[in-house]
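Colleague:
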Amino acid sequence: MNILETRNISKYFHDPVEFQVLKDISFAVRKGEFLSMVGKSGSGKSTLLYILSTMDTEYSGQLKVDGQTVTGQTNDQLAEMRNNKIGFVFQFHYLLPEFSCLKNIMLPALKLGKYTAQEIESRAYDKLKLLGLEDQALKPASKLSGGQQQRVAIARALINDPHIIMCDEPTGNLDSKNTAIVFDTFKDLTRSFGQPIIAVTHDEEFARNSDRIIEMRDGEIV
Amino acid sequence: MLTGYKSEGWREANETIMAAFRMRRIIITLVSNTLLIVAGFGIYNILNMTVSQKINDIAILKAMGFKGKDVIRIFLTQALSIGVMGVIGGMIMAAVLVTLLKKVYIGGDIGFFPIDYELTKFIQGTVVGMIITFFAGYLPARKAAQVDPVSIFRK
Chain A
10 MNILETRNIS KYFHDPVEFQ VLKDISFAVR KGEFLSMVGK SGSGKSTLLY ILSTMDTEYS
70 GQLKVDGQTV TGQTNDQLAE MRNNKIGFVF QFHYLLPEFS CLKNIMLPAL KLGKYTAQEI
130 ESRAYDKLKL LGLEDQALKP ASKLSGGQQQ RVAIARALIN DPHIIMCDEP TGNLDSKNTA
190 IVFDTFKDLT RSFGQPIIAV THDEEFARNS DRIIEMRDGE IV
Chain B
623 MLTGYKSEGW REANETIMAA FRMRRIIITL VSNTLLIVAG FGIYNILNMT VSQKINDIAI
683 LKAMGFKGKD VIRIFLTQAL SIGVMGVIGG MIMAAVLVTL LKKVYIGGDI GFFPIDYELT
743 KFIQGTVVGM IITFFAGYLP ARKAAQVDPV SIFRK
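From first to last, the protein sequence lines are chains A and B. Counting from 1 along the first sequence, just add 9 to a position and that's the residue number in my numbering. Counting from 1 along the second sequence, just add 622 to a position and that's the residue number in my numbering.
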């Protein structure tokens, strides 16, 4: 069963000159797969990730998430789908600095509204425990170290039990020790929970240890 | 015209004073509306700045699945809370000023300054204030709702 599927996805940049960033990309991500996308800057890997994330809707071709065609849906439908099915981890953590770690993690779940606030809080604690940060729960996010913040971001990505986690350079900003921690966390998630993960990365070692590597060059998968 | 007398009402007899009254009312209205618009621009600016400062946070919220209207609600809430605080502050200040002004003796037939707590004025102030706050908040909020997360993450 494929959690994510693309068919002939192409994308052009029009500014400053007409340029084809992605050329007929077709691939699939299976359940429980830890996939790395590598490639040089400008190879189109981040662009592809943003299309897969459904945030970028200007492309041709077809994208299916969880067996459902999402191409052509309205922004609101896509937002709802993201809230429900996709977790994000970015290079620069992007936590809300004024909120405590716990609140940051709870936010997507409060938006989803599937559980009561108390249930969400205890679930958020569970995720923090999973990442070894339960003692930092009530600190403001800005008071944590970079590695801790990235782990909180991962906990936030997990809170709604997403069908897939997408990461853009998740370790790009971290030292080797924290990279190892983040990597082990991802590995653990795919192994123990069958959590599919797509990570765009420059880190060769990180990529080598994942289940499958997709290398991109000049807008194509090689 | 047979008798040589003519009659006219007090309004016509004192047309100049009536004109002065009208002029005064026009000036008061203009000044208070100008103040409201200035206050509105204040809120508009604060919100615009907040939107620019928080553009990363807006992008991440949208990535996590917040819709345009959720973002609008967040910023409208902020605008309206500024508005509500302003209205409450304004009401208190107005009440204090009226209390003081009532005790000011200006002499003549009038005696004390002719002012009193008028409920309609307080209601008018609240309503107009909130309407202006709403629009001053809605424009930046809409800008925030249209933030394209991809363009932020690319930077």
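Glycine included, every Cβ here is placed at the ideal spot set by N, Cα and C.
So, for H211/A: in the same chain, excluding its five sequence neighbours on each side, which residues have a beta-carbon less than 8 angstroms away from its beta-carbon?
Modeller: Closer than 8 angstroms at Cβ, skipping near neighbours: V47, E178, G181.
Colleague: Spatial neighbours of F744/B within its chain, please: CB distance less than 8 angstroms, with the 5 preceding and 5 following residues excluded, ordered by chain position.
Modeller: Excluding residues within five positions, the ones whose Cβ falls inside 8 angstroms are M713, A716.
Colleague: List in chain order: all unbroken alpha helix (DSSP H) runs of 4+ residues lying wholly within the region 127–171 of chain A.
Modeller: Counting whole runs of 4 or more residues, the region 127–171 of chain A contains the alpha helix (DSSP H) stretches 155–167.
Colleague: For K743/B, does the three-state DSSP call read helix, strand or coil?
Modeller: Three-state result, K743/B: helix.
Colleague: Assign D679/B to one of two classes, buried (16 or more other C-beta atoms within 10 Å of its C-beta) or exposed (fewer than that).
Modeller: Looking at its Cβ environment, which holds 16 or more other Cβ atoms inside 10 Å, D679/B is buried.
Colleague: When you compare only the Cα positions, how much space is there between D227/A and S52/A?
Modeller: Cα to Cα, D227/A sits roughly 5 angstroms from S52/A.
Colleague: With C-beta atoms as the reference, is I18/A less than 8 angstroms away from I173/A?
Modeller: No, the Cβ-Cβ distance between I18/A and I173/A is not below 8 angstroms.
Colleague: Measuring only the C-alpha atoms, how far is I753/B from R695/B?
Modeller: Computed Cα separation, rounded: 16 angstroms.
Colleague: Looking at chain B, is there any beta carbon in it that lies within less than 8 angstroms of the beta carbon of E89/A?
Modeller: Yes, E89/A lies at the interface with chain B (some Cβ there is under 8 angstroms from its Cβ).
Colleague: Shortest alpha-carbon distance to I665/B belongs to which of I649/B, A763/B, V769/B?
Modeller: Of I649/B, A763/B, V769/B, the residue nearest in Cα terms is A763/B.
Colleague: DSSP three-state label for R776/B, please.
Modeller: In the structure shown, R776/B sits in coil (DSSP, three-state: anything other than H, G, I, E or B).
Colleague: DSSP puts M175/A in a beta bridge; with which residues?
Modeller: According to DSSP, M175/A bridges with F97/A, I207/A.
Colleague: So with CB distances below 7 angstroms, who are the chain B contacts of M64/A?
Modeller: Result: A685, P771, V772.
Colleague: Taking 8 angstroms as the threshold, find out whether the region 670–678 of chain B comes into contact with the region 77–93 of chain A through three or more Cβ pairs.
Modeller: Judged by Cβ distances under 8 angstroms, the region 670–678 of chain B makes no contact with the region 77–93 of chain A, as fewer than three pairs qualify.
Colleague: Decide if I710/B is buried, meaning its Cβ has at least 16 other Cβ atoms within 10 Å, or exposed.
Modeller: With fewer than 16 Cβ atoms within 10 Å of its Cβ, I710/B is classed as exposed.
Colleague: Just checking: is the beta-carbon of P117/A within a distance shorter than 8 angstroms of some beta-carbon in chain B?
Modeller: By this cut-off, P117/A is an interface position.
Colleague: Our contact map puts I163/A next to V209/A with C-beta atoms below 8 angstroms; I'd like the distance itself, whole angstroms only.
Modeller: Actually they do not touch by this definition, with Cβ atoms about 15 angstroms apart.
Colleague: Measuring alpha carbon to alpha carbon, tell me which residue in L72/A, R160/A, E27/A, R16/A is nearest T188/A.
Modeller: Nearest of L72/A, R160/A, E27/A, R16/A to T188/A, Cα basis: R160/A.
Colleague: Listed from N- to C-terminal order along the chain, which residues in the region 47–75 of chain A have their beta-carbon within a distance smaller than 8 angstroms of any beta-carbon of chain B?
Modeller: From the region 47–75 of chain A, only S55, Y59, S62, M64, D65 have a Cβ closer than 8 angstroms to chain B.
Colleague: Show which residues of chain B have a CB atom less than 8 angstroms away from the CB atom of N17/A.
Modeller: Neighbours of N17/A on chain B: none; closest Cβ ~21 angstroms, over 8 angstroms.
Colleague: Just to confirm my understanding: we take E27/A, look at its own chain, exclude 5 residues before and 5 after, and list those with CB closer than 8 angstroms. What are they?
Modeller: Hits under 8 angstroms: Y21.
Colleague: Alpha helix (DSSP H) containing K186/A: first to last residue?
Modeller: 185–202 is the span of the alpha helix (DSSP H), which, as asked, contains K186/A.
Colleague: Starting from the Cα of E213/A, find the closest Cα among L105/A, S109/A, Y68/A, I223/A and give me that residue.
Modeller: Taking only the C-alpha atoms, the option nearest E213/A is I223/A.
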